[in-house]
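A.B. asks:
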Amino acid sequence: MHIRTTLDPISLHDVPDPENHPCLYEGDGDNGLEIYFENEENKKIYMEMELEDKKVLIGNDTDDYIAEG
């Protein structure tokens, strides 16, 4: 699944014209997150952020999936 967000994660402002703003793609090409930024400075801040505990979630999106736990 490919997810595209135009909400700048630093300023929390919507990017009205994403084609003319900086973008960062995180993923493997088929599945990933496309993030648009208001400016290069916000993109740089985002890329330099370090999270204390990065979690990777693996899920199942089939119709018959039942979450356990």
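Numbering-wise, the sequence shown is residues 16 to 84 according to the numbering used here. Each residue gets a CB set at the ideal place from its N, CA and C atoms; glycine is no exception. None of these values were measured; they are calculated from a predicted model.
Compute the Euclidean distance between the alpha carbons of Met64 and His36, then round it to the nearest angstrom.
C.D. replies: Cα to Cα, Met64 sits roughly 20 Å from His36.
A.B. asks: Measuring alpha carbon to alpha carbon, tell me which residue in Pro31, Ile25, Phe52 is nearest Tyr40.
C.D. replies: Among Pro31, Ile25, Phe52, the Cα nearest to that of Tyr40 is on Phe52.
A.B. asks: Could you check whether Glu49 and His17 sit closer than 8 Å to each other, using their CB atoms as the reference points?
C.D. replies: A contact, by the Cβ cut-off of 8 Å.
A.B. asks: Helix, strand or coil: which one does DSSP assign to Ile25?
C.D. replies: Residue state, collapsed to three classes: coil.
A.B. asks: Tell me the DSSP bridge mates of Tyr51?
C.D. replies: Note: Tyr51 sits in a beta bridge opposite Cys38.
A.B. asks: Going by C-alpha to C-alpha distance, which of Asp45, Pro24, Glu67 sits closest to Lys59?
C.D. replies: Cα-wise, what sits closest to Lys59 is Pro24.
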